[in-house]
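Peer 1: Residue numbering for the sequence shown follows UniProt numbering, beginning at 1 and increasing consecutively.
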Amino acid sequence: MEKGLLKRKIYLLCRIAAIIIIAAFIVKNFLLAPSVVWGESMQPTFSDQDKIIVNKVASIDRFDVIVFHAPDSDNYYVKRVIGIPGDQIEYINNVLYLNGEPVDEPYLLNENSPAKRAFQTGNFTLEELTGYSTVPENTYFVLGDNRGNSNDSRFFGFLNEQAIIGEVTFRIYPFSNIGRPK
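1. Going by DSSP, name the residue or residues bridged to ILE10.
2. Let's see if you can read the secondary structure: which residues bound the beta strand (DSSP E) around PHE68?
3. Counting Cβ pairs closer than 8 Å, one from the region 123-131 and one from the region 12-30, do we hit at least three?
4. From ASN151 to GLY144, what distance separates their C-alpha atoms?
5. Do three or more CB pairs link the region 36-55 to the region 155-173 at distances below 8 Å?
6. Where DSSP assigns a beta bridge to residue 230, which residues make up the other side?
7. Would you kindly work out how many angstroms separate the C-alpha atoms of ASP64 and SER73, rounded to a whole number?
8. Candidates TYR11, PHE46 and VAL57: which alpha carbon is nearest TYR77's?
9. Would you mind stating whether ILE165 and LEU126 have Cβ atoms separated by less than 8 Å?
10. Tell me LYS51's beta-bridge partners as DSSP assigns them.
11. So, at 7 Å on beta carbons, what are the nonlocal neighbours of ASN160 in its own chain, with the 5 sequence-adjacent residues on each side left out?
12. I'd like the list of long-range same chain contacts for PHE30, defined as Cβ closer than 7 Å, with 5 residues on each side in sequence excluded.
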């Protein structure tokens with residue numbers, strides 16, 4: 001009798017372990033994935049070596065921070081979505097204008113920061129950079145928060161939505177900064 005009970009317990013434990021492994025596989029491959037921020041292009045929001053969680057099923061909207069396959073290398077980039085399909089974008093005197101309206105960017109360094117100059121964007125219009133007056137369908141315009149040190153849509157153009165892995169939803173390291181990104 002005890003031998004049969006032991007077999008059932010072992011069988012049950014194996015089933016539970018298999019379910020946990022399958023669930024972890026599904027979550028990692030289809031829902032959430034860990035990633036690492038490389039470089040300083042997203043400062044002050046993220047720093048080099050920050051560990052993040054990416055939501056692979058989130059819908060992407062303006063100002064979301066996303067992870068995507070870099071169009072100019074085999075790397076992954078972390079950048080902020082500035083323009084979505086149909087948007088007109090321009091920067092004048094370091095002020096973002098979307099569809100003709102000025103937009104506050106609280107995630108950038110403030111005016112009193114001694115490093116503010118390094119984070120300035122510079123003047124441009126979307127048409128000057130890309131030849132398009134609006135962001136085309138199925139593409140996005142992305143920028144790093146550290147505008148003076150970021151390889152982004154100003155250099156590689158629009159980001160195809162197929163290249164997007166997902167939205168950064170949580171920072172898990174460093175422990176002093178655990179939480180949702182701003």
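We put the beta carbon where it would ideally sit given N, CA and C, even for glycine.
Peer 2: The relevant details are as follows:
1. Translated into the one-based positions of the sequence shown, residue 10 becomes position 10. As computed with DSSP, ILE10 is found in no beta bridge at all.
2. By one-based count along the sequence shown, residue 68 stands at place 68. Going by DSSP, PHE68 is part of the beta strand (DSSP E) stretching over 65-69.
3. Taking one beta carbon from each stretch, the region 123-131 and the region 12-30 have fewer than 3 pairs nearer than 8 Å; the two do not touch.
4. For the purposes of this step, residue 151 is taken as the residue at position 151 of the sequence shown. For the purposes of this step, residue 144 is taken as the residue at position 144 of the sequence shown. Cα to Cα, the separation comes out at about 7 Å.
5. Judged by Cβ distances under 8 Å, the region 36-55 makes contact with the region 155-173, as three or more pairs qualify.
6. Given that the chain is displayed from residue 1 to residue 182, the structure contains no residue 230 and the question cannot be resolved.
7. Within the sequence shown, numbered from 1, the residue matching residue 64 stands at position 64. Within the sequence shown, numbered from 1, the residue matching residue 73 stands at position 73. Each residue's Cα considered, the two are about 22 Å apart.
8. By one-based count along the sequence shown, residue 77 stands at place 77. Taking only the C-alpha atoms, the option nearest TYR77 is PHE46.
9. The count along the sequence shown starts at 1 and reaches residue 165 at position 165. The count along the sequence shown starts at 1 and reaches residue 126 at position 126. No, the Cβ-Cβ distance between ILE165 and LEU126 is not below 8 Å.
10. Translated into positions along the sequence shown, residue 51 becomes position 51. DSSP lists VAL36 and TYR173 as partners of LYS51.
11. Taking the sequence shown and counting its residues from 1, one reaches residue 160 at position 160. Around ASN160: ASN138 and THR139.
12. In the sequence shown, residue 30 corresponds to position 30, counting from 1. Correct list, in chain order: LYS56.
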